[in-house]
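A short write-up of the structure that comes next.
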Amino acid sequence: MKCLARLPSRVLYLLPRVLLLALFLTYVTFMLLSSYEWFRPVEVAVQGAIAKLVRGTAGLWSRL
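Quick note on the working numbering: the sequence shown kicks off at 170 and runs consecutively.
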């Protein structure tokens, strides 16, 4: 936590906003591309990866 205190306040101010903007742009791009048939395998792969991540997180959470 000390390393966060050393960061300039501007970085701590901008970092969450930049991350939220990147997440929003990724979501919008994904929604726009999902209407194309050639994007379907990528969509299925991403959904599978998210499902694995959720299962892994649930498994870790149950061990706590």
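Think of the CB as a built atom: it goes at the ideal place given N, C-alpha and C, for glycine as much as any other residue.
Assigned with DSSP and collapsed to three states, L176 falls in coil, not helix or strand. If you look at L222, you'll find it in the alpha helix (DSSP H) that goes 209–232. In the displayed model, Y205 falls within coil according to three-state DSSP, outside both helix and strand. Contact check for L202 and F208: beta-carbon distance about 5 Å, within the 8 Å limit, so the pair qualifies.
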